[in-house]
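Data block below; observations after.
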Amino acid sequence: MYPYLSKYEWLAMADELLRHQAPDVVDLCVRFFLAESRGVSDGRIRALLARRFKHGQLGRTHRDQLVACIARRLTEGDFSEQFKDQLRLALHLDRQAILAAAAGCAHRRSYVRQYALWVLAHAP
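Pasting the structure below:
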């Protein structure tokens with residue numbers, strides 16, 4: 029789990045990702061990203077973290093965890109606001125894995141299919 033931090037403390041942590049890439053900060057941010065919390069602004073904070081993760085050096089374990097989490101959220105339709113930022117991160121980290129997940133969403137609910145088609149449209 030991750031410690032309770034206010035919205036502003038999480039925003040500061042996201043900014044810290046750009047500056048130092050300290051392993052403990054990266055780990056804490058990844059744990060928050062993976063958590064299934066539904067608090068106010070959690071979706072926006074995840075979107076910001078996704079944008080920050082693209083600029084840093086993530087280890088293989090963190091990259092695999094993030095892509096698996098985003099793929100699961102897509103296939104289950106369990107996502108919130110600004111989910112395209114998470115999908116962009118997944119495309120950046122492991123294009124083939126997220127394309128495979130999106131391809132399997134052809135018979136899902138329309139809102140899931142819409143995001144899956146968006147991912148597939150961004151394939152080279």
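Under this note's numbering, think of the first position of the sequence shown as 29, with each following residue one higher. Every residue, glycine too, gets a C-beta built ideally from N, C-alpha and C. Everything numeric in this text was worked out from a predicted model, so none of it was measured.
{"query": "Indicate whether C57 and A42 have their beta-carbon atoms separated by less than 8 Å.", "result": "yes"}
{"query": "If we ignore side chains and look at the alpha-carbon of each, how far apart do A144 and H48 end up?", "result": "34 Å"}
{"query": "Three or more C-beta pairs under 8 Å: does that hold for the stretch 86-93 against the stretch 107-119?", "result": "no"}
{"query": "Which residue marks the beginning of the alpha helix (DSSP H) containing K82, and which one marks its end?", "result": "No alpha helix (DSSP H) contains K82, which DSSP labels as neither H nor E."}
{"query": "Report back the beta-carbon spacing between Q114 and I98 to the nearest angstrom; my notes put them in contact at under 8 Å.", "result": "5 Å"}
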